[in-house]
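In the working numbering, the protein residues as written are 140 to 227.
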């Protein structure tokens, strides 16, 4: 019985992708989540972000965390943080 090279390549790619995802997850886990915040939002906003999180197969907490991280990564916000650090 001949080996199917396509299946072998696909399996290798899947394993390789899983290893890359695991490395990325390990990096993200270095900083432990310990801070809590409480948000009060309009019901329509809550329903909208909850639906987006479900469709992306994420928890609401994970989705909101990603939104906040994206804001921190913006250059204009990083400049504000740097200015804050200089002043305070």
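Where a beta carbon is used, it is the ideal one built from N, C-alpha and C, also for glycine. All values derive from a computational prediction rather than experimental measurement.
Short Cβ contact (8 Å threshold) for residue 220 with residue 202: no
Endpoints, the alpha helix (DSSP H) within which residue 104 is located: The structure shown has nothing for residue 104, since the chain only spans 140 to 227.
Which of helix, strand or coil DSSP assigns to residue 207: helix
Residue 188 - DSSP class collapsed to helix/strand/coil: helix
Euclidean distance between Cα positions of residue 209 and residue 215: 12 Å
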